[in-house]
Amino acid sequence: MGVKTLKEIENILSQEIATILSVDSSKVILDTPFHEMGIDSLSFVELLVFIEKTFNIKLMESGLTSENFRTVRSLASSISQMS
8 MGVKTLKEIE NILSQEIATI LSVDSSKVIL DTPFHEMGID SLSFVELLVF IEKTFNIKLM
68 ESGLTSENFR TVRSLASSIS QMS
């Protein structure tokens, strides 16, 4: 993958969330909680699989908590610190 900037990670996550939700990526607001965007448990699992594959992160071993998964911005920040 190579080292990505925080902005690049936010863009990658936003695009994937838009794909999962079948909406335009402009509808994905970085500070909106995932549940308010319409991410349900199945969508969340899709996102987790995408993160593991795209960023080569083993989430079960990452130490990330529910706070890290609150918004796109908080998730991107956590991922950027792990890269």
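Everything in the sequence shown is counted per this note's numbering, starting at 8 for the first residue and increasing by one.
In this text, a Cβ means the ideal position worked out from N, Cα and C, and glycines have one as well.
Computed from a prediction, not measured in an experiment: that's the story for all the values here.
Tell me, to the nearest whole angstrom, how far the beta carbon of residue i is from that of residue j; I am working on the premise that it is less than 8 Å.
i: residue 20; j: residue 82; result: 6 Å
i: residue 51; j: residue 41; result: 7 Å
Rounded to whole angstroms, what's the CA-CA distance from residue i to residue j? Just pull it up for me.
i: residue 12; j: residue 78; result: 17 Å
i: residue 22; j: residue 70; result: 25 Å
i: residue 33; j: residue 24; result: 11 Å
i: residue 68; j: residue 46; result: 23 Å
i: residue 44; j: residue 30; result: 10 Å
Short of 7 Å in beta carbon distance, which residues of its chain neighbour residue i, apart from the five on each side in sequence? Order them along the chain.
i: residue 75; result: 81, 82 and 85
Buried or exposed: which applies to residue i, given that a residue is buried once 16 or more other Cβ atoms fall within 10 Å of its Cβ?
i: residue 36; result: exposed
i: residue 54; result: buried
i: residue 17; result: buried
Skipping 5 residues on each side, what residues in its chain have a beta carbon closer than 8 Å to that of residue i?
i: residue 64; result: 58, 86 and 89
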